[in-house]
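First to last, the protein sequences are chains X, Z and B. Note that the numbering used here gives residue 133 to position 133 of the first sequence, counting from 1, and the numbers run on in steps of one. Add 1000 to a position in the second sequence, counting from 1, and you land on the number used in the numbering used here. Add 2000 to a position in the third sequence, counting from 1, and you land on the number used in the numbering used here. Below: the structure, in structure tokens.
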Amino acid sequence: MNPFTYSRATAVADAVRDKASHPDSEYLGGGTNLIDLMKENVARPTHLVGLNKLPLADIETLPDGGLRLGALATNADTAWHDEVKSRYPLLNQAILAGASPQLRNAATNGGNLMQRTRCYYFYDLATPCNKREPGSGCSAIGGYNRVCGILGTSESCIATHPSDMCVALAALAPTVRVSGPNGDRTIAFDDFHRLPGNQPEKDNTLEPGELITGLDLPAKGFEKNFSYLKLRDRSSYAFALVSVAAGLELEGNTITDARLALGGVAHKPWRDQEAENMLKGQPATEDTFRRVAAKVVADAKGHGSNDFKIELAKRAIVRALKQAAEGNQHAADVFLNSNP
Amino acid sequence: MSTTNYIGKPTSRVDGPAKVTGTATYAAEYQVANMAYGYVVSSPIAKGKITKIHADEVLALPGVVQVFSHENVPSLAWFDRSYKDLVAPGGSPFRALHDAEIKFSQQPVALIVAENFELARYAASVLRIEYQQEDHETSLETQRAKGYEPGAGKTGFQPPPAPRGNPDKAWEEAPHRMEAEYVHGAQHHNPMELFTTTVEWRGEGKITAYDKTQGVYNVQQYLTKIFGLKKDDCRVVNEYMGGGFGAGLRPQYSAFLAVLAALELKRSVRLTLTREQMFSFGHRPHTLQYLKLAANADGTLAALQHHALHETSQFEDYTENVVNWSGMLYQCENVKLGYQIAKLDMYTPLDMRAPGAASGSIGLEIAMDEMAYAAGLDPLEFRLRNYAERDQNVDKPFSSKKLRDCYHQGAAKFGWDKRTQAPGSMRNGDGKLMGWGVGGGVWDATQQKAAAKASITADGKLTVSTATGENGTGTYTIMSQIAAETLGLPIEAVTFKLGDTDLPESPLQGGSWTAASVGSAVQSTCAALGEKIFKLAQKMDDSPLRDAKFEDVEFASGQLRLRADHSQAVVLRDVLQASGEAKLEADSSVMPNMVKQNGYSLHSHNVVFVEVTVDEDLGTVHVTRVLNAVAAGRILNLKTARSQVLGSVVWGIGMALMEETVMDHKFGRYMNHNFAEYHVPVNADIHDIDVLFVEEEDDIVNPLGVKGIGEVGMLGVAAAVANAVFHATGKRVRDLPVMIDKLL
Amino acid sequence: MPQHPTNSLANAAGVAAPPPTSPVQLTINGQQHTLQIAPWTTLLDALREYLHLTGTKKGCDHGQCGACTVLVDGKRINSCLSLAVMHEGDEITTIEGLGTPENLHPLQQAFVDHDAFQCGYCTPGQICSAQGLINEDRAHTEAEIREHMSGNVCRCGAYVGILNAVKEVVDKK
């Protein structure tokens, strides 16, 4: 960890100003990812703008029926918030599927969006990595890439976004509220994270100095028919190999609206709107789900040790859509979908 | 009846209150004055040379005390033998900072010493080191042809016995045959506590090293030889160890580096490795096993061949007994066992819980399952038909062996009779595929030389001590039980001390021999003390024991009394007070009774029954139920022994389903070198585990009749999981761990 | 052959100086402490190396094992992934604040009774985590407790005992 100074911001404008006045500075929320990266010398800020006293921890209902999640509300408080549980149970389940209770108590909603990849090579300074050190090469391509992506990868990078929460968010399609040196703006969630292309060092579309202040969820929460399915190498406290967030609206057995997003497969939470459109108007049958699943992975490309993710993703999509259609899932205090 | 019978009872850990309150002191937690902090810099390359170290840039930082590297390490011991520890394999032990040569990725190449931990960590991150890289070879698969038979060299290693019968011919002629290769990846011990040494500088070249180790004497002899220290000037202490599993059998480079720095700087130093660096000093080797079994029409084994190959470093011949067990677990007249190792550019592997046997039982016990299916037999029935009454490897009877009772009692308790043989034929209540598998193993019951001393004071408090270790096995507790029972004292009156080279010598804590070795020494020492107490008791006024012989008396309930007439007794505390002695002491050293043991094969056994559920679409496996039946002589403490077996099962589940350290051969480097990507089981992975002890009376193994329990419980667990997965799905996974992708 | 033979972050421009220290006030187990530390000191290292409260353990230093779990305003967190300077004004509870060998906390007693540990190194973190679980009041069944105790790795594999110990205390609530 390199030397840095620390200041604690008390207002958003102060935080933005403080950040702008320090080159190589970072915002510090819960710290669960940034401090880890600093210990690994992957992140090397010289100044940290402490956010944890900013008044951004509230969760409140919006006039349009949506829900605003403060950027500094913790993942745990968000998952267990009454409105989240009753109206966005998919988000509740996705958050609780991630990390551990301790990490969810510290990690913030804004920080969850800012998480960086768990690619082995990104974390290990002994190996080249284009995301960490642009132009040095991608070691995961042709290397050990079990955790890496199969969709939207590039020749520069096959890393994945590690979040569970963001997979549910991708399905729910909130807008991301940001404040920056040039004022406030909103970013559609789908536009927030980006694909690696030839700039894998850039995870998202934030402008320099911009701070996430909150997320506005639209009113529609798919609270009746949803599923968050997470597959990983142990039953808990592990990153997803593949995860699926599915939300359906049904009239009888006919799908009238659908959301489908995947985790563990791409540089960003992978929402597939074409697949969603394919589902609309179709009967909620296994046959429909299989066709949609095949479409989602049609362009998927394995890289050796992650080849299996293509088939796994397909099967997981079918299962998640089936669970969503059955509609017997509920928000809970504990994510137990990996039970025997 | 006595109130001081403790042996066999489920006594709660005497060190429990210290551990649950955080007051137990581990190596990094000794507070010493004027301490500097070390931080190790590790090599990013697997092979090559250091060409330049820019230490000056880092030394310019205020607060950085020194940068140690091969460029400035003082002249130390010259010969390889000085670097040999008690369990070093054959070859030349690795010497940290010895020269510019890089022999493995993550090799320690420099030690930063600074005024505080954060500064040392920072300085390590900015120390510029230039390397000249050379081609490395880290793939065992590509080195199959270069495997060779190692010589003896490492303590405890036995080359496979000579072949018996005619295994090739018997295999060809048998009606049922199988052959297959089994593979598992490298695994790392990963005890929770990071390797640490706190070296207290006591002035004038004297040090105390608080070191995470499974053997303080092993570390002491290592350090004294290398640094030319007198034993009295190099005390090594480890009162609590946050898990070992073999990782602490050999002195680690952290100990060497911390002591080097302390002696050079004449200052106390603490060095703690990082979790990443916990992947830099030894592992259970990646092992390839080839098995070839044949069965006769009656379900008896006609032939058995088991060959194993695993890696070692370029500089040492690491060996473990992988295949020998296959010659003794089942009755078979035609057996051939082979064992080879191959050199790679990596660090020497290191004994890891049930070394050899944990690996070998994967091959043997999956192969036995395959053979049973090929012969159309229930896998347990197949084992029963091939029960070994004698150890055919050495042609001796077992001193005791109640494995058959384990089979029967375990099967009954598990409900094995409800199993249907066909793969995919059983489902659980939710309609999920369910499979039941069986496996097991055999492990050495060993006793080593150990010494202890004991003293009792006039207030009736007993202190017993020896330099063994406590790494979670329950040493404090079982030794206190033995001492208390031997002298008839309440356990609260006993203090047991360990982990200090100022105490009598005990063996390394490994091999499941601590209970037998140290326990025998404690018992013998307390008995010797008892004899002294008895003599004093006879001198008391109107002593009811005046005319008794020592064999006629017993220590119980705080008294010394006649066995035949409990009313003829003296209170223990009164004896010392009457004698006027403030304190009474005894010591003793116990060796195994070779004469008694010689005619027998001394082993513990187990069988484990496993239930899994498998999601056939998604490939997820859950181990929902385990029963482990263990025959390991006498059980000293049902509570701590049960915990050891529970832990072994968790290890087996980890080995079966998730544990694997993955090497990227391009870099010659383990890539998942952390707890996020090297998965060990978490609480949610573990469901019902039942432990059954079938006790054996055995006065041949040692006077206490114990065989040790730390390793046997792990045997066959991983194989039983894989066998259960086969039973559930019909998919035979021969490449562990069984992860999702292998079941799609 | 990869040509990436350095793991150093330094460059010819030289090495930045260590950061200055400043006083940081922490409230731990009801006691106020003032530490003179730089911002780069984690809460975990502050507890262990500066305050000698070594009951909180370092098992991985990366939020991957839970051995460093402490309670901040009653909520369990990994102290290794938090800077000490972030916690001015917070109430921090460590294992030392729960009980003593002579006066064990109910969770500590339950851990001893159920032999819910072996080497003891993960144990303070397990117990602080269990207290956090009880404060949260979200996990009650065996499956729920297993899941909500999964942020604490126990390499000795004492999970059966841990489950039983935590369940016993949860049930008594």
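Each residue gets a CB set at the ideal place from its N, CA and C atoms; glycine is no exception. A quick note: this is a predicted structure, and the numbers were derived from the prediction, not measured.
Any C-beta of chain B under 9 angstroms from that of residue i
i, result
"E1470(Z)", "yes"
"S1268(Z)", "no"
"E1311(Z)", "no"
"N105(X)", "yes"
"S21(X)", "no"
"Q1644(Z)", "yes"
"Y6(X)", "yes"
"I35(X)", "yes"
Under 7 angstroms by beta carbon: chain X residues contacting residue i
i, result
"R1121(Z)", "M1"
"K1666(Z)", "G143"
Residue-chain proximity (residue i, chain Z), Cβ-Cβ < 9 angstroms
i, result
"V2024(B)", "no"
"K39(X)", "yes"
"M2001(B)", "With a pLDDT of only 38 at M2001(B), under 50, the local geometry of the prediction cannot be trusted, and the value read off the model is given with reservation. Chain Z, which has a Cβ nearer than 9 angstroms to the Cβ of M2001(B), makes this yes."
"V2072(B)", "no"
"D14(X)", "no"
"V2170(B)", "no"
"G2030(B)", "no"
"Q2036(B)", "no"
Residues that residue i contacts on chain X, provided the C-beta gap is smaller than 8 angstroms
i, result
"A2016(B)", "N2, P3 and T46"
Test: residue i CB closer than 9 angstroms to a CB of chain X
i, result
"V1590(Z)", "no"
"R1669(Z)", "yes"
"H2004(B)", "The predicted position of H2004(B) is uncertain, since its pLDDT is 45 and thus under 50; no value can be drawn from it."
"W2069(B)", "Reading off the sequence, residue 2069(B) comes out as Thr, not Trp. It does; some Cβ of chain X falls within 9 angstroms."
"D1232(Z)", "no"
"T1624(Z)", "yes"
Amino acids of chain X, ordered along the chain, whose beta-carbon sits closer than 9 angstroms to that of residue i
i, result
"E2144(B)", "A332, D333, V334 and L336"
"G2151(B)", "A99, S100, P101, Q102, L103, R104, S236 and Y237"
Endpoints, alpha helix (DSSP H) assigned at residue i
i, result
"A2038(B)", "No alpha helix (DSSP H) holds A2038(B); DSSP gives it neither H nor E."
"R315(X)", "F308 to E326"
"Q2131(B)", "T2123 to E2136"
Beta-carbon neighbours of residue i, restricted to chain Z and to distances below 9 angstroms
i, result
"T254(X)", "Within chain Z, no residue comes near T254(X); the closest Cβ sits about 25 angstroms away, beyond 9 angstroms."
"S236(X)", "V1682, N1683, A1684 and D1685"
"R315(X)", "D1617, L1618, G1619 and L1744"
"P101(X)", "Neighbours of P101(X) on chain Z: none; closest Cβ ~11 angstroms, over 9 angstroms."
Start-to-end residues for the beta strand (DSSP E) that takes in residue i
i, result
"K2075(B)", "K2075 to N2078"
"Y1037(Z)", "M1035 to S1042"
Residue i CB to nearest heavy atom of the ligand NAD below 8 angstroms
i, result
"E311(X)", "Within the structure as shown, the ligand NAD is missing, as the structure has no ligands at all."
Interface partners of residue i on chain B, CB under 7 angstroms
i, result
"I59(X)", "None at all; the shortest Cβ gap to chain B is about 16 angstroms."
Under 7 angstroms by beta carbon: chain Z residues contacting residue i
i, result
"T2041(B)", "E1118"
Interface residues of chain Z facing residue i [CB-CB closer than 8 angstroms]
i, result
"D2113(B)", "S1012"
Chain-ordered chain B contacts of residue i [CB-CB under 8 angstroms]
i, result
"A1024(Z)", "G2120"
Output the residue ranges of the alpha helix (DSSP H) runs that lie fully inside the segment 1162–1245 of chain Z and measure 4 residues or longer, sorted by chain position.
1167–1173 and 1216–1227
Give the list of continuous beta strand (DSSP E) stretches no shorter than 3 residues that lie fully inside the segment 1597–1681 of chain Z.
1603–1614 and 1621–1631
Proximal residues, the segment 285–313 of chain X versus chain Z, C-beta separation under 9 angstroms:
S305, N306, D307, F308, K309, E311 and L312
Can you pull out the residues from the segment 2120–2147 of chain B whose beta carbon lies closer than 7 angstroms to at least one beta carbon of chain Z?
G2120, Y2121, C2122, T2123, P2124, I2127, R2146 and E2147
What are the residues in the segment 119–130 of chain X lying within 8 angstroms of chain Z by C-beta distance?
Y120, Y121, Y123, D124, L125, A126 and T127
When Cβ atoms are compared, which residues of the segment 2076–2103 of chain B fall closer than 7 angstroms to chain X?
R2076, I2077, N2078, L2081, S2082, L2083, V2085 and M2086
Unbroken beta strand (DSSP E) runs of length 3 or more, entirely within the segment 1404–1470 of chain Z: which are they?
1433–1444, 1450–1457 and 1462–1465
Name the residues in the segment 2038–2067 of chain B whose C-beta lies less than 9 angstroms from a C-beta of chain C; which are they?
Looking at the structure shown, chain C is missing, and the protein chains on hand are X, Z and B.
Could you list the residues in the segment 317–331 of chain X with a C-beta less than 9 angstroms from some C-beta on chain Z, going in chain order?
The segment 317–331 of chain X vs chain Z, Cβ under 9 angstroms: V318 and R319.
4-residue-minimum alpha helix (DSSP H) runs that sit fully inside the segment 142–169 of chain X, ordered along the chain:
none
Please give me, in chain order, every unbroken run of the beta strand (DSSP E) with length at least 3 that falls completely inside the segment 1295–1345 of chain Z.
1301–1312 and 1335–1343
Unbroken stretches of the beta strand (DSSP E), 3 residues or longer, contained in the segment 251–293 of chain X:
254–263
Starting from the N-terminal side, write out each stretch of the alpha helix (DSSP H) that is 4 residues or longer and does not extend beyond the segment 52–87 of chain X.
75–79 and 82–87
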